[in-house]
Amino acid sequence: MKFIAVIPARYASTRFPGKPLAMLGGKTVIERVYTQTKKVIENVFVATDDERIQRAVMEFGGEVVMTRSDHKSGTDRIEEAVSLLEARLGLSADDVVINVQGDEPFIQPSQIETVMRCFEDDSTQIATLGKPFGDNMAAVENPNSPKIAVSQQGYALYFSRSVIPFCRGRERAEWSSAFPYLKHIGLYAYRRSVLGEVTRLPQSPLELAESLEQLRWLENGYRIKVGLTDVETIGIDTPSDLENAEKFLSSRNL
14 MKFIAVIPAR
24 YASTRFPGKP
34 LAMLGGKTVI
44 ERVYTQTKKV
54 IENVFVATDD
64 ERIQRAVMEF
74 GGEVVMTRSD
84 HKSGTDRIEE
94 AVSLLEARLG
104 LSADDVVINV
114 QGDEPFIQPS
124 QIETVMRCFE
134 DDSTQIATLG
144 KPFGDNMAAV
154 ENPNSPKIAV
164 SQQGYALYFS
174 RSVIPFCRGR
184 ERAEWSSAFP
194 YLKHIGLYAY
204 RRSVLGEVTR
214 LPQSPLELAE
224 SLEQLRWLEN
234 GYRIKVGLTD
244 VETIGIDTPS
254 DLENAEKFLS
264 SRNL
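Residue numbering for the sequence shown is 14 to 267, as defined by the numbering used here.
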């Protein structure tokens with residue numbers, strides 16, 4: 014079984030145009046994501062539709078695949094990139110494609126390895142990560158941090174921006190100490206054949222309601238294995254996030 018990683022990166026962003034090329038500690042954000050991923054995966058590719066990003070990746074010695082500009086999601090961009098790489102890499106239906114977000118410069122090797130281990134189970138179709146919120150109800154209630162309800166077998170039952178489950182009979186402030194709420198970390202991996210299938214699915218009612226692409230997969234019967242991590246990452250969605258990332262970088266001497 015082969016593993017490859019694809020990092021979707023686009024220049025246009027409503028909240029932070031040019032984000033992949035923003036400088037963080039003397040390197041671009043996309044270079045930091047690429048370098049972290051390369052610590053675990055041999056075959057790593059940036060998928061983009063922008064020549065500026067292409068040039069930047071080539072300058073630091075990374076591999077890049079140019080894709081169309083009309084993709085609605087990073088998953089769609091990854092599917093096109095993989096289809097272009099398939100023959101070169103000799104991919105089979107059961108090989109695994111890892112989707113590493115292009116705005117996660119501090120993604121940790123242990124997180125990628127956790128997702129990879131999910132595929133030791135031959136029945137795993139898709140895998141992702143969850144991290145316990147701990148006793149922090151304010152974080153649980155943040156709609157920008159999707160929650161996962163997980164089965165006893167480790168598969169996602171549902172993802173939601175709302176607080177799930179509802180803890181009946183307890184004050185809301187006590188919920189996080191009464192139930193182990195799980196935060197979704199947006200690292201995905203797919204069997205090659207499954208990636209091709211899910212990108213052909215139309216948007217689903219739950220996906221449109223919550224604006225969470227993974228609900229489309231659940232609604233269509235795909236099973237998502239959830240690996241657990243205790244590592245928190247710092248995603249970069251806005252310029253202020255970049256400032257916080259700079260402070261984190263300085264504090265860790267990275």
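We put the CB at the ideal spot given by N, CA and C, even for glycine.
Unbroken alpha helix (DSSP H) run spanning ASN257, endpoints: Here the question's residue 257 lines up with position 244 in the sequence shown. ASN257 -> alpha helix (DSSP H) spans 252 to 265.
Touch test, the region 152 to 162 against the region 251 to 266, Cβ-Cβ under 8 angstroms, three pairs minimum: no
Distance between ILE111 and LEU170 (C-alpha atoms, nearest Å): Sequence index remark: in the sequence shown, residue 170 carries index 157 (1-based). Sequence index remark: in the sequence shown, residue 111 carries index 98 (1-based). Approximately 21 angstroms between the Cα atoms of the pair.
Within 8 angstroms, strictly: CB atoms of THR141 and LEU200: As a position in the sequence shown, residue 141 is number 128, starting the count at 1. As a position in the sequence shown, residue 200 is number 187, starting the count at 1. Yes, these two residues count as a Cβ contact at 8 angstroms.
Contacting residues, own chain, Cβ-Cβ under 7 angstroms from VAL46 (five flanking each side not counted): Along the sequence shown, read from residue 1 onward, the residue named residue 46 stands at position 33. Taken in chain order, the residues that qualify are ILE20, VAL113, GLY115, GLU117, PRO118, ILE120.
Residue environment, GLU92, which counts as buried when at least 16 other CB atoms sit within 10 Å: By 1-based counting over the sequence shown, the position of residue 92 is 79. Looking at its Cβ environment, which holds 16 or more other Cβ atoms inside 10 Å, GLU92 is buried.
Own chain partners of ALA35 with C-beta closer than 6 angstroms, once the 5 adjacent residues on each side are dropped: What you label residue 35 is simply residue 22 of the sequence shown in a count that begins at 1. Here the set comprises VAL42, LEU255.
Residue from PHE192, PHE172, PHE261 with nearest C-alpha to ALA222: In the sequence shown, the residue the question calls residue 222 occupies position 209. Of the candidates PHE192, PHE172, PHE261, the one whose C-alpha sits nearest the C-alpha of ALA222 is PHE172.
Nonlocal neighbours in the same chain, by C-beta distance under 8 angstroms from TYR348, ignoring five residues either side: Outside the modelled stretch of the chain, which goes from 14 to 267, sits residue 348, for which no answer is possible.
Proximal residues to LYS51 (C-beta, below 6 angstroms), its chain only, five neighbours per side dropped: Taking the sequence shown and counting its residues from 1, one reaches residue 51 at position 38. Same-chain partners within the cutoff: VAL57.
Limits of the unbroken beta strand (DSSP E) element including PRO21: Within the sequence shown, residue 21 is the residue found at index 8, counting from 1. Looking at the DSSP string, the run of the beta strand (DSSP E) that includes PRO21 is 16 to 22.
Extent of the continuous beta strand (DSSP E) to which LYS238 belongs: As a position in the sequence shown, residue 238 is number 225, starting the count at 1. From DSSP, the beta strand (DSSP E) with LYS238 extends over 237 to 241.
ILE139 beta carbon less than 8 angstroms from that of TRP230: Stepping through the sequence shown from its first residue, residue 230 is reached at position 217. Stepping through the sequence shown from its first residue, residue 139 is reached at position 126. Cβ atoms of TRP230 and ILE139: closer than 8 angstroms.
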